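Engineer: Line by line, the protein sequences are chains B and H. Per full-length UniProt numbering, residue 1 is the first one in the first sequence, and the count goes up by one each step. Per full-length UniProt numbering, residue 1 is the first one in the second sequence, and the count goes up by one each step.
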Amino acid sequence: MTGRARARARGRPPGQESTIPSVGAASAQQTLPSQPPGFRQPQQPHVPPSVSEDPGGRGRQRGPQSVPQGPTGRRPEGLQISAGFQELSLADRGGRRRDFHDIGVNTRQAIQHVQESKTGSSGTIIKLTANYFRLMSRPQWALYQYHVGYNPEMEARRLRSALLFQHEELIGKTHAFDGSILFLPKNLGNKVTEVFSRTRNGEDVKITITLTNELPPTSPTCLQFYNIIFRRLLKMLNLQQIGRNYYNPSDPISIPDHRLMIWPGFTSSILQYEESIMLCTDVSYKVLRSETVLNFMYSLYYKVEEQRFRDACAKELIGLIVLTKYNNRTYRVDDIDWDANPRCTFRKADGSEISYVDYYKRQYNQEITDLNQPVLISQSKRKRGTLMPGPVVLIPELCFLTGLTEKMRNDFNMMKDLSNHTRLPPEQRKSEIGRLIEYIRKDDNVQKELRDWGLSFDSNLLSFTGRVIQGEKIFQSGNVFDYNPQFADWSKETRGAPLICAKPLDNWLLLYTRRNYEIANTLLQNLFKVTPSMGIRMNKATMIEVEDRTEAYLRVLQQSITPDTNIVVCVFSSSRKDKYDAIKKYLCTDCPIPSQCVLARTLSKPQTALAIATKIALQMNCKMGGELWSVEIPLKQVMVVGIDCYHDTLSGKHSIAGFVANLNQTMTRWFSRCVVQGRGQEIVDGLKACLQTALRDWFKWNKYLPSRIIVYRDGVGDGQLHTLVNYEVPQFLDCLKSIGKDYNPRLTVIVVKKRVNARFFAQSGGTLKNPPPGTVVDVEVTRPEWYDFFIVSQVARSGCVAPTHYNVIYDTSNLKPDHLQRLTYKLCHMYYNWSGVIRVPAPCQYAHKLAFLVGQSIHREPNLMLSDRLYYL
Amino acid sequence: MDENFQDEQFTGVIKFTPPLYKQRYQFIKDLVGKYKPKKVADLGCADCTLLWMLKFCSCIEVLAGLDICASVMKEKMHRLSPLPGDYLQPTERSLTVTLHHGSVAHKDACMLGFDLVTCIELIEHLEQSELKKFPEVVFGFMSPSIVVISTPNSEFNPLLPGVTLFRHSDHKFEWNRAQFQSWALETARHYDYSVEFTGVGHPPKGMENVGFCTQIAVFVRKYPKASESSEKPTKAAYKTVFKAVYPSLKDEKYLQNAVVSEVIFTAQIIKQRLLDRLMSDHEEYNDDPTERKSKFKPSISCFSEDIGKLVVEKGTEPFVDGNVVYIPLTTIFSFPKVNQLCGTFEKLHKLVAGKVTLSSDGSAVMFATEHENEEN
């Protein structure tokens, strides 16, 4: 309603943040052209491998390489993949040292009541297919893992490979070798095989190949291995890797209005799922822009005032992912260094000093034409070869922009254009997904590689059954409403019905600029029309004309707000974020009063004016602590908590966590607080404080403490599960202990994930459709080591609906999986800004809204006076 | 040559900076910079590092690699594929990279017509029988304008620690300077080439008499090739293992994409300017970019400036009629980037037809003005 920009609010749990060096950025900025730039390097892709004929052997030293069998506690998950293979596999995924699939975090084993079964039972059966293909291996298939030792010791990986593969007749053509560990599809026969090779220097080397493991198809090492092999296959298919996924450059979709190019491609991962090992693949679209960062800066320069130019650049560019022209790497822009330029020098790996201009000219024949452009800084968290991790310097002229800017996202027409291309309806999506398998089946080289390893893929999508759980009845002040489950929306049904709790508008302000007097007046009249049936008592607003400047607004607010003021409504003529931010900040911190901002344009269309007024009335009511509707919640004494994070990219990289918990049995009133994470602080410390206050307030409202606490934790990135399980959950338990000796509530922690690659299709007649809201999947595509399930709760008007993944990582509730699934679905009905079912439980969405408002506009913790109202809606 | 041999007093351990292999590659790059060959083949291309370096040389339009070992080529061949950037901004030059699996002792028509053929550290890996056939294949059959051959100088070997017989176990021989030069001179004489000798990897001070660590012969064909009609092998001896065709504006498909995209983008800017100008009648508008001073001053002529000027010069004003903005194609054609891409107005017309909405007489690009206020 207020036209606030949508942005991705993805936070990180503690433990991942420790490596963000604010120091690094600072040191990079101090570098002036004449100074040696310390430890920053431009990325040196494809540094030609050291060739061993170089006398003296300049092999790269990598710690664990020469250590036989290298897990040695490095990975608590117990994966037996050496450092070298990790690098190989993870570099293939885009070079991050993180396991995106959270393999090895086994949480189900600690949850007693789901040892036997984690499936629910209620609802009607529905036939589904999903974007998964079974990986098949021939009977008695095994992967043979060998350790390869050299005597005398050889350091360079290339040399080690070269020496080993002098014995191809023994080893065979099919192999994967990282310099120390060798994988073969066959058994060499002996436990230990010794062979001799000769180096170029004429030195004889004894190579000892020792069988260390015979891996069954389901071993974690094998999974890692499948993914490595699969990425090989994608490369063989001439797909281009960008970031984590692979794209087909030969047939792009171009949107010239915005200089956009869209490459179709695939996400893919092979994992052990409930019953079998499967490839999960989905269509992915990469938005690329045929515009360099420098082009973008030029056009921005002509659009903004001089003094705002640098800020505008920072605002538009920081956080974007850029793609370098001369190689295939993507970087996140973390900073712009205006004091540096392409003539600055850096120290190469060999110690010599060279300027960026000369480096790119010599290395890639890339001419840098603008020598006054600033440079982009990317804080690289990954180690590249022997180079230390540190800031990477990029030249704007040599970087393409990727992805969409905030501005493009807000451009309705552009997004419509885009979604025409990228939102595929189920049937079409299925055939696009099938194309990958088709490619694989048709390519001889790929088939040969698979055959050599003894692997193949099922040609059909996975089919199984899910359940559609019953729709909810909507209770609103004595009335019961059914809604059409096809639409999962009850705005029509409940229009004009009295609310559960209507807050009066006795004393309220309506601010407008002169130009918008008519519009403000119409809004007032319309509110008079729609509020009586809802049961909202309303007096005429105090109408105040304001000059359209931030200071004028603030002055008026200071002068006119009294202790009796219920709410402030502002009609804006344009969506200027600074004005919005200033007003929100003042009314959330210094002078805690609910506020409602609305754009004049939104109100200006006569045909929708009444509907908009209704919507605004509901929203204002919630902000003042009113209640709209409820669903039946049979579980008693339960406190439901929603947590989501917002990652602030602009103002010093704060993370903000929103924390929302219900205050009453019917889950119509909520306690909301947020954590603004300071430098060096862990978000979880703040969450503990939130939980404590939430319990205190709960006690005030109910005169007892909840006997169950269910935490829905959103905003957890891929690969962060481990941290959550080992760090955050124990902190919650600690916090509960501190409440009282005898207080021992049952705790459930559920990780909520919206961005998943799983897609479900319902078979209906001869065609595929989106599964209806309420579809629960807890078989086949779930993970055996987790207590997890998917729910499709919302309706997608176009394209494919995205299921939400719920992973119960801690649970002493003893609740049946069925009950937990149904409770979760019920909670998706309780978000008051939308009279319909949403993707996540309402407390998560509230927490998201709160964290977003604080992260975007307020930047510090709002006044606790507001904490019992949904003031941030 | 800028490689410096970093060794003040010779301690017995030789270290080249940059490493010797890089110096060899740089030698080829410099040669390419000097002669600007269009078609370059690397025989014995191994892991394709030289080819990868050469693909950045803008004069080269055809790159080919040949190696006897397919697996070593395959290991890293994908770095010869076009990059996303090559698709995003296709260049004028076309480039095709092909890798062949085969032996330099066999003739294959795919190696005909090259300007430069490089054989870096190749000949010493050849068996006696292969070495015998090598000159006939390279100089007689392929007969490129330039051939570069490098090979170890065995006189340098005593300075390399651990080298007993040869520098690499797969070397079939290593020649001293006299042996290499006599072989090269004989070959040059037989096939009408001139030859010059040089090398990379300077010997340490006081040991200059041993010569370069790597010796290099550069052969240049004396006479332009008479005819292509020399005997052609009937069947292909090589197997193609990799082929990449880079997107280029010479390809109509990419040219059309580039032109359409440029036309629409330019037209959008003109339209925006026009609408802004119309708006500024109502509102104060004081945003004159030319008067601003800045450290960051775009030094490339920026399009928005150009548009302003050109529109005035040509007098072909875009105009608004009802809800439609008309921007004459002549205005768009006067825009430097479009002009450069198309060359002629007719070509522009041909390329955009059917891809961009044109007025009924085909003289102007049409845009709807609506949505303009929907900034959100």
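We treat Cβ as the ideally placed atom computed from N, Cα and C, and that holds for glycine. All values derive from a computational prediction rather than experimental measurement.
Any beta carbon of chain B sitting closer than 7 Å to that of tyrosine 87 (chain H)?
Structural biologist: yes
Engineer: Consider the Cβ of tyrosine 146 (chain B): report whether some Cβ of chain H lies at a distance smaller than 7 Å.
Structural biologist: Not a single C-beta of chain H is nearer than 7 Å to the C-beta of tyrosine 146 (chain B).
Engineer: Please confirm if lysine 186 (chain B) has its CB atom under 7 Å from at least one CB of chain H.
Structural biologist: no
Engineer: Is it buried or exposed for leucine 310 (chain H), if we count other Cβ within 10 angstroms and need 16 for buried?
Structural biologist: Here the model assigns leucine 310 (chain H) a pLDDT of 45, short of 50, so the residue's position is not dependable and the matter cannot be decided.
Engineer: Please state if the CB of leucine 351 (chain H) and the CB of phenylalanine 333 (chain H) are separated by a distance shorter than 7 Å.
Structural biologist: no
Engineer: Just to confirm, are leucine 376 (chain B) and proline 396 (chain B) a CB contact at a threshold of 7 Å?
Structural biologist: With contacts defined by Cβ atoms closer than 7 Å, leucine 376 (chain B) and proline 396 (chain B) form a contacting pair.
Engineer: Chain H partners of aspartate 350 (chain B), CB-CB under 7 Å?
Structural biologist: Thr17 and Pro18
Engineer: Beta-carbon separation of lysine 753 (chain B) and histidine 805 (chain B) under 7 Å?
Structural biologist: yes
Engineer: In three-state DSSP terms, what is serine 798 (chain B)?
Structural biologist: coil
Engineer: Under DSSP, the beta strand (DSSP E) around methionine 543 (chain B) begins and ends at which residues?
Structural biologist: Note, methionine 543 (chain B): beta strand (DSSP E), 542-545.
Engineer: Taking glutamate 346 (chain H) as part of the alpha helix (DSSP H), name the residues at either end of that continuous run.
Structural biologist: 345-352
Engineer: Could you say which of B:Thr292, B:Asp411, B:Cys622 and B:Thr589 lies nearest to cysteine 501 (chain B) if we only look at CA atoms?
Structural biologist: B:Cys622
Engineer: Please list the partners that leucine 249 (chain H) has in chain B, where partner means a Cβ-to-Cβ separation under 7 Å.
Structural biologist: Neighbours of leucine 249 (chain H) on chain B: none; closest Cβ ~13 Å, over 7 Å.
Engineer: Relative to chain H, which residues along the segment 323-338 of chain B have a C-beta separation below 9 Å, given in chain order?
Structural biologist: Listed in sequence order: Leu323, Thr324, Lys325, Tyr326, Asn327, Asn328 and Trp338.
Engineer: List, in chain order, every chain H residue whose beta-carbon is nearer than 7 Å to that of tryptophan 288 (chain B).
Structural biologist: Here residue 288 (chain B) is leucine; the residue named in the question, tryptophan, does not match the sequence. Near leucine 288 (chain B) (Cβ distances below 7 Å), the residues of chain H are Pro84 and Leu88.
Engineer: Name the chain H residues that come within less than 7 Å of glycine 235 (chain B), Cβ to Cβ?
Structural biologist: For the record, residue 235 (chain B) in the displayed sequence is lysine; it is not glycine. Simply His78.
Engineer: Taking isoleucine 242 (chain B) as the query, report the chain H residues whose CB atoms sit under 8 Å from its CB, ordered along the chain.
Structural biologist: Pro84
Engineer: Which residues share a DSSP beta bridge with histidine 147 (chain B)?
Structural biologist: B:Ile181 and B:Thr210
Engineer: Check for me: the beta strand (DSSP E) holding serine 813 (chain B) runs from which residue to which?
Structural biologist: Note, serine 813 (chain B): premise wrong, no beta strand (DSSP E); not H, not E.
Engineer: Using the C-alpha atoms, what's the distance from methionine 366 (chain H) back to lysine 34 (chain H)?
Structural biologist: 49 Å
Engineer: Going by DSSP, which residues form a beta bridge with alanine 851 (chain B)?
Structural biologist: DSSP lists no partner for alanine 851 (chain B).
Engineer: If you draw a straight line from the alpha carbon of leucine 223 (chain B) to that of glycine 201 (chain H), how long is it in whole angstroms?
Structural biologist: 47 Å
Engineer: Taking the alpha-carbon positions, what's the phenylalanine 319 (chain H) to serine 363 (chain H) distance?
Structural biologist: Approximately 13 Å, taken between the alpha carbons.
Engineer: Could you pull out every residue in the same chain whose Cβ sits closer than 8 Å to the Cβ of serine 294 (chain H), ignoring the five residues on either side in sequence?
Structural biologist: A caution first: serine 294 (chain H) carries a pLDDT of 45, below 50, which makes its placement in the model unreliable, though a value can still be read off. By the criterion of a C-beta distance shorter than 8 Å, serine 294 (chain H) is surrounded by no residue of its chain, once the five residues flanking it on both sides are discounted.
Engineer: Rounded C-beta distance between serine 459 (chain B) and isoleucine 437 (chain B)? I'm assuming under 8 Å.
Structural biologist: About 6 Å separates the Cβ atoms of serine 459 (chain B) and isoleucine 437 (chain B), confirming a contact at the 8 Å cut-off.
Engineer: By the criterion of Cβ-Cβ separation under 9 Å, what are the contact partners of valine 260 (chain H) in chain B?
Structural biologist: Ser254 and Pro256
Engineer: If we cut at 7 Å on Cβ distances, does phenylalanine 177 (chain B) have a partner in chain D?
Structural biologist: Given the protein chain composition of this structure (B and H), no chain D is represented.
Engineer: Tell me the residue span of the beta strand (DSSP E) that contains glutamate 136 (chain H).
Structural biologist: Counting along the chain, glutamate 136 (chain H) falls outside any beta strand (DSSP E), and DSSP gives it neither H nor E.
Engineer: Verify the CB distance criterion: does asparagine 516 (chain B) have a CB-CB separation below 7 Å to chain H?
Structural biologist: no
Engineer: Mind checking whether serine 533 (chain B) and glycine 496 (chain B) have CB atoms under 7 Å apart?
Structural biologist: yes
Engineer: Report yes if the C-beta distance between glycine 285 (chain B) and threonine 402 (chain B) is below 7 Å; otherwise report no.
Structural biologist: One detail in the question is off: residue 285 (chain B) reads as tyrosine in this sequence, not glycine. Contact: no.
Engineer: Cα-Cα, which of H:Thr266, H:Gly140 and H:Leu341 is closest to isoleucine 327 (chain H)?
Structural biologist: H:Thr266
Engineer: Pair every Cβ in the segment 629-648 of chain B with every Cβ in the segment 538-551 of chain B, then say whether three or more of these pairs are closer than 8 Å.
Structural biologist: no
Engineer: Under 7 Å, do serine 573 (chain B) and asparagine 516 (chain B) count as touching if we go by C-beta distance?
Structural biologist: yes
Engineer: Just the C-alpha distance for leucine 31 (chain H) and valine 147 (chain H), rounded to the nearest angstrom, thanks.
Structural biologist: Rounded to the nearest angstrom, the gap between the Cα atoms of leucine 31 (chain H) and valine 147 (chain H) is 11 Å.
Engineer: Mind listing, in chain order, the continuous beta strand (DSSP E) runs of no fewer than 3 residues lying wholly within the segment 664-717 of chain B?
Structural biologist: 670-676 and 708-713
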